[in-house]
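Student:
Protein chains in written order, with the working numbering: chain A, 1 to 267; chain B, 1 to 153; chain C, 1 to 742.
#1: Can you tell which of C:132, C:666, C:708, C:591 has its C-alpha closest to the C-alpha of residue 629 of chain C?
#2: Measure the CB-CB distance between residue 65 of chain C and residue 359 of chain C and report whether it falls below 7 Å.
#3: From the DSSP output, in three-state form, read off residue 262 of chain A for me.
#4: Which whole-angstrom value is the C-beta distance of residue 110 of chain C and residue 405 of chain C, which I expect to be below 8 Å?
#5: Can you list the residues of chain B that residue 26 of chain C reaches, using a CB-CB cut of under 7 Å?
#6: Under three-state DSSP, which class holds residue 27 of chain C?
#7: In chain A, which residues lie with their C-beta within 7 Å of the C-beta of residue 127 of chain B?
#8: So residue 152 of chain C is in the beta strand (DSSP E); what residue range does that whole segment cover?
#9: Grab me the residues of residue 83 of chain C's own chain with a C-beta within less than 6 Å of its C-beta, minus the 5 sequence neighbours each way, in chain order.
#10: Excluding the 5 residues flanking residue 505 of chain C on each side, which residues of the same chain have their C-beta closer than 8 Å to its C-beta?
#11: Using a beta-carbon distance below 7 Å, is residue 247 of chain A in contact with chain C?
#12: Less than 8 Å between the CB atoms is what I'm expecting for residue 467 of chain C and residue 542 of chain C, so what's the real figure, rounded?
#13: How many whole angstroms separate the CB atoms of residue 94 of chain B and residue 637 of chain C, which I take to be in contact at a CB cut-off of 8 Å?
#14: Report buried or exposed for residue 59 of chain C, applying the criterion of at least 16 other Cβ atoms within 10 angstroms of its Cβ.
#15: Mind checking residue 74 of chain B: buried by the 16 CB within 10 Å criterion, or exposed?
#16: What residues in its chain sit with their C-beta under 7 Å from that of residue 152 of chain B, if we drop five residues either side in the sequence?
#17: Would you please verify whether the beta carbon of residue 215 of chain A is less than 7 Å from any beta carbon of chain B?
#18: Is there a Cβ of chain C sitting closer than 7 Å to that of residue 252 of chain A, yes or no?
#19: Does the CB of residue 36 of chain A have a neighbour CB from chain B at under 7 Å?
#20: Work out the CA separation of residue 295 of chain C and residue 203 of chain A for me, nearest whole Å.
#21: Counting only the same chain and skipping the five closest in sequence on each side, list residues whose C-beta sits under 6 Å from that of residue 305 of chain C.
#22: Alpha carbon to alpha carbon, how far is residue 12 of chain A from residue 65 of chain A? Give it in angstroms, no decimals.
#23: Using DSSP with H/G/I as helix, E/B as strand and the rest coil, what is residue 199 of chain C?
#24: Once DSSP output is grouped into helix, strand and coil, what is the label at residue 383 of chain C?
#25: Got a sec: is the Cβ-Cβ distance from residue 75 of chain B to anything in chain A below 7 Å?
#26: Fully enclosed by the segment 13-56 of chain A, which alpha helix (DSSP H) runs are 4 residues long or longer?
#27: Does chain A have any CB closer than 7 Å to the CB of residue 37 of chain B?
#28: Note the first and the last residue of the continuous beta strand (DSSP E) segment covering residue 227 of chain C.
#29: Which residues share a DSSP beta bridge with residue 62 of chain B?
#30: Is the CB-CB distance between residue 456 of chain C and residue 587 of chain C below 7 Å?
#31: Applying a beta-carbon distance threshold of less than 7 Å, which residues of chain B neighbour residue 28 of chain A?
#32: If the criterion is Cβ atoms closer than 7 Å, does the pair residue 30 of chain B and residue 66 of chain B meet it?
#33: For residue 598 of chain C, count neighbouring Cβ atoms within 10 angstroms of its own Cβ and tell me buried if that reaches 16, exposed if not.
#34: What residue does the alpha helix (DSSP H) around residue 652 of chain C start on, and which one ends it?
#35: Does residue 80 of chain B pass the burial test, meaning 16 or more other C-beta atoms within 10 Å, or should it be called exposed?
#36: Kindly indicate if chain A contains any beta-carbon less than 7 Å away from that of residue 660 of chain C.
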């Protein structure tokens, strides 16, 4: 195995151009698990933690190697909330936003946030850059639109990121747990509402009928919330696996989305 | 390949095979078995070390990427002759049973108290939630830290 | 010599003090050498090829691709086992390596020794293994119908016609729990150059390993030495052999030291688990709440090999009623052969499953009677002078059942939660649950279990105590797994010899006889009993030799004058005594399961307080309180450690820990998906130690370390039932169960 440790973005992209099938290493929280368990033995690794451009966080842009620990401290409420639920403090010190995107787990905790904000994923290669909406980037479990020779530079958030945003996650342990269901709700100033649900489909999904139901409603009535909950439960596509059942996930998705919406509206 | 890093204040060089984790290099190449290998996927914390100021799972650090890093392990905190106050407190308060999680927990507690000496019990529970202990049920660990805080106050 | 100037030393760390463990600091600094930290010059690394299917015929097994690899020194299969080809602690029915058939997920097929671990693993993977999959047997009722029964324990007591007016019936299930010690299996085998071998492996009883290893390796007993190990926890997982035979075979074949280390997934495949169970109960009582009759049928999943299952189902059956008087009892306990992973010992050893069911039955009965659940338990409490409901055995020794229940009831309940801190709410930092959506439930359970080995087993422990100029040394083969036996032995001998400087030497099987297993809550009383007796003899001989009447660190005294220093005492023939200590004998059961099958018993009562989000199924355990019978507290701090750690495991089984089986396949063999409680899950514990000295335990002590686990599980489940009103007859309780979905 060879490891390349570029010190800037151009170096990283050149390395990637020379080794388009290289494994990208940032926090290591996914790659090293596969390496330790011998599921993966990469020939070439490109280590990204020295690339300053990838760690940038400025208005409207979050770099791919921003860690959960940093998200926890920053000012986007839902992002801070989700970051706090990821793994353990050790994992949060290492794991990155780009890793969550690259791994594309149906249960990835940062993904509902990106979906609820209609974020764009910025990809870079030696050829140039391109932007993909989150749902054109995330194609299925473990499957993304990333091409050989390309890396995730970061995500672009919309021009206005509303302050009313909230995240919640169900897991069967109080810490260090993979989501059974996770959820992010964003409320724009014009009343538009976005509801993104994770771990209840092949990728994170949006409950668009439910979104439409509560759009513009300042104080949804209990009856409207009942209907909202029902629609979310209807729109998700959960499966049964060793972590939970489809039936429970469907039920829980509705309850969780409803509560998260209420919390979001009262921010 | 050869990597150079600073471990417990000492410059160290190790010849490593690709893919090796920092945990493996500490244990098998540098003779520092304090960090343990209970899960190899970042789900137990037994391999916790401080890497460039951050508490991390050394099993998830690719050693080749730790070139130039500063690492502190349980061995670097204290020795049998001169234990670190956290290490002494663990023994005094019964926080050591089988001991397999202990070096990682000790590193995590020392790191936390350095950064947040006034952490509450709930803060402590959250901060240590990545370090599984199968023997103690954590109560004695919390009592050890409470006693340390009292001493420092 | 007479010396009036010598000061009387003060005894430190004797019985009753919270003495610190002597190996504690080394465990905090990384200097304590665990099995996986060991190495030897010229060492090879071993790896195991396993078949991850539940049932299959091996139609092709070719090791030549592995043997052809550079750096590979040996590849061994069933045909290479040099001696007896089966192992197991009680029943030796587990093939050392698969014998043509795979009978459970993860069964070992071949082992490899190579220059480094990577090569060893690659070689193991290179072995050609062709399997023809067979239908696995995983349904317990079907196993019973097909007669796949390792043991049926039949208990009949009292009048079969007796009936109570008030009847409750229920069916219950418990999942398969993994002991999940933090230290994975690791071991080292060292050939001695004379055809023999020294073995360090994860164990709770070196002598029973020794018996199996010398048989399987085809060696004379004296050619095999099994060493006490430094081990990262046990909880039952190390009672049966894992990798010891394999590394022994590889070391003998290659003539070189061989080390093997499992990773977590292989550890899940490589050690025994707690039996999953299905139980059917019927309790009958009179209108006043006196139990009249209990009928139970228990099915335990014994997995693919019998191992210790026969003793486990005995415990389940004999403790099927709990710590209650009941004159008429009918229990049928079956442990069944399936294609699930082998099950065996885990903390509580069969007492846990029926405790979950029977305590739920007691709550249902209380509800039916309109009676307070603790009042019902007090009314039926079994104590000294009563008879064990199942076996009819007279309870000869103190059993403070009412005292533990009353002590528990006297512990104040925790305050209601008025905080919005998410860490104090169900769902934690996942922010699932507002405080307004939380219902608090309180649940109780009483745990009851035997101490030591039962059913006429010749249960003994050896120890040798040696006086030295610097103090005393206790020799034992008992295994310290982290529980603190090392401290307890020091404390017992300190108090007996009246000297602070006592050290424990853990000896290999060639140096001392068996101390029996570190299990069954037995070593404090057994290894401790042996050490106490040996120390008494040492003291008596020292006093006699010097003609004195008091012994301490300085030497032997009489009338305040030092007659002989320790150095002088030790200058002549060594003062050392070796003791083989037995507890009072037990009987075998008759055809109705009757008899004095147990030497002694222990009891505890738990109360769990749980906050439940009933709409979402999330929960947070707020507090667990316990009153525990300990005989005499030799080391209060260690007792609290055992109590808290035991409760964590019992709570784990109640709410999150389960080996998820899908027709024999384990779906969650990692710590990512087999969830152990974290520091945010484990609540504060309020513990009261109830001391009624045992007439035969050292300084009145009783073994106790299993019960904190046994009744924690039903107490937590009862609290969730109280909050939700749902029957919740299966553990672990899942969110889907709490909200009423399957």
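Beta carbons: idealized from backbone N, C-alpha and C, even for Gly.
Model, not experiment: these values are computed from the prediction.
Tutor: In terms of the structure at hand:
#1: Taking the first residue of the third chain as position 1, residue 629 of chain C is located at position 629. Among C:132, C:666, C:708, C:591, the Cα nearest to that of residue 629 of chain C belongs to C:708.
#2: For the purposes of this step, residue 65 of chain C is taken as the residue at position 65 of the third chain. For the purposes of this step, residue 359 of chain C is taken as the residue at position 359 of the third chain. No, these two residues do not count as a Cβ contact at 7 Å.
#3: As a position in the first chain, residue 262 of chain A is number 262, starting the count at 1. Helix, per DSSP.
#4: For the purposes of this step, residue 110 of chain C is identified with residue 110 of the third chain, where counting begins at 1. For the purposes of this step, residue 405 of chain C is identified with residue 405 of the third chain, where counting begins at 1. In this structure residue 110 of chain C does not touch residue 405 of chain C by the C-beta definition: roughly 54 Å separates them, more than the 8 Å allowed.
#5: As a position in the third chain, residue 26 of chain C is number 26, starting the count at 1. In chain order: 80.
#6: Here the question's residue 27 of chain C lines up with position 27 in the third chain. In the structure shown, residue 27 of chain C sits in a helix (DSSP, three-state: H, G or I).
#7: Residue 127 of chain B sits at position 127 when you count from the first residue of the second chain. Those within 7 Å of residue 127 of chain B in chain A are 89.
#8: In the third chain, counting from the first residue as 1, residue 152 of chain C sits at position 152. 149-157 is the span of the beta strand (DSSP E), which, as asked, contains residue 152 of chain C.
#9: If you number the third chain from 1, residue 83 of chain C lands on position 83. Closer than 6 Å at the Cβ level, and outside the excluded window around residue 83 of chain C, lie 215, 216, 217, 218.
#10: In the third chain, the residue the question calls residue 505 of chain C occupies position 505. Excluding positions up to five away in sequence, the list reads 473, 474, 475, 476.
#11: As a first step, residue 247 of chain A must be located in the first chain, where it is residue number 247. Yes, because at least one Cβ of chain C sits closer than 7 Å to the Cβ of residue 247 of chain A.
#12: For the purposes of this step, residue 467 of chain C is identified with residue 467 of the third chain, where counting begins at 1. For the purposes of this step, residue 542 of chain C is identified with residue 542 of the third chain, where counting begins at 1. At roughly 6 Å, the Cβ-Cβ gap stays under 8 Å, so residue 467 of chain C and residue 542 of chain C are in contact.
#13: Within the second chain, the letter at position 94 stands for residue 94 of chain B. Within the third chain, the letter at position 637 stands for residue 637 of chain C. Between residue 637 of chain C and residue 94 of chain B the Cβ distance is about 4 Å, and since that is below 8 Å, they are a contact.
#14: Here the question's residue 59 of chain C lines up with position 59 in the third chain. So residue 59 of chain C counts as exposed.
#15: For the purposes of this step, residue 74 of chain B is taken as the residue at position 74 of the second chain. With a 10 Å radius around the Cβ and a threshold of 16 neighbouring Cβ atoms, residue 74 of chain B comes out buried.
#16: Within the second chain, residue 152 of chain B is the residue found at index 152, counting from 1. Once the five neighbours on either side are set aside, the close Cβ partners of residue 152 of chain B are 117.
#17: For the purposes of this step, residue 215 of chain A is taken as the residue at position 215 of the first chain. No, residue 215 of chain A lies away from the interface with chain B (no Cβ there is under 7 Å from its Cβ).
#18: Counting from one through the first chain, the residue named residue 252 of chain A turns up at place 252. True, the Cβ-Cβ gap to chain C drops below 7 Å.
#19: Position 36 of the first chain, counted from the first residue, corresponds to residue 36 of chain A. Cβ-Cβ to chain B under 7 Å: yes for residue 36 of chain A.
#20: Translated into the one-based positions of the first chain, residue 203 of chain A becomes position 203. Translated into the one-based positions of the third chain, residue 295 of chain C becomes position 295. Using only the alpha carbons, I get a separation of about 51 Å.
#21: On the third chain, position 305 is the one that residue 305 of chain C refers to. Closer than 6 Å at Cβ, skipping near neighbours: 93, 94, 342.
#22: Position 65 of the first chain holds residue 65 of chain A. Position 12 of the first chain holds residue 12 of chain A. Distance between the alpha carbons of residue 65 of chain A and residue 12 of chain A is about 13 Å.
#23: Residue mapping note: residue 199 of chain C aligns to position 199 of the third chain, counting from 1. If DSSP states are grouped into helix, strand and coil, residue 199 of chain C belongs with the strands.
#24: Taking the first residue of the third chain as position 1, residue 383 of chain C is located at position 383. Residue 383 of chain C: coil per DSSP, three-state reduction.
#25: If you number the second chain from 1, residue 75 of chain B lands on position 75. Chain A contact via Cβ: absent.
#26: The segment 13-56 of chain A is shown to contain whole alpha helix (DSSP H) runs of 4 or more residues at 31-36, in chain order.
#27: Numbered from its first residue, the second chain carries residue 37 of chain B at position 37. Cβ-Cβ to chain A under 7 Å: no for residue 37 of chain B.
#28: Here residue 227 of chain C corresponds to residue number 227 of the third chain, with the count starting at 1. Annotation: the continuous beta strand (DSSP E) that includes residue 227 of chain C extends over 224-227.
#29: To locate residue 62 of chain B, count along the second chain from 1; it is residue 62. DSSP lists B:21 as partners of residue 62 of chain B.
#30: To locate residue 456 of chain C, count along the third chain from 1; it is residue 456. To locate residue 587 of chain C, count along the third chain from 1; it is residue 587. Cβ atoms of residue 456 of chain C and residue 587 of chain C: closer than 7 Å.
#31: Taking the first chain and counting its residues from 1, one reaches residue 28 of chain A at position 28. Taking the beta carbon of residue 28 of chain A as reference, the chain B residues within 7 Å of it are 60, 61, 62, listed in sequence order.
#32: The count along the second chain starts at 1 and reaches residue 30 of chain B at position 30. The count along the second chain starts at 1 and reaches residue 66 of chain B at position 66. Cβ distance not < 7 Å, so residue 30 of chain B and residue 66 of chain B don't count as in contact.
#33: Mapped onto the third chain, residue 598 of chain C falls at position 598. A buried status is given to residue 598 of chain C, since no fewer than 16 other beta-carbon atoms sit within 10 Å of its beta-carbon.
#34: On the third chain, residue 652 of chain C is found 652 positions in, with the first residue counted as 1. Counting along the chain, the alpha helix (DSSP H) containing residue 652 of chain C begins and ends at 636-655.
#35: For the purposes of this step, residue 80 of chain B is identified with residue 80 of the second chain, where counting begins at 1. Counting Cβ neighbours within 10 Å, residue 80 of chain B comes out exposed, since fewer than 16 surround it.
#36: Locating residue 660 of chain C in the third chain gives position 660, counting from the first residue. Taking 7 Å as the threshold, the shortest C-beta distance from residue 660 of chain C to chain A falls below it.
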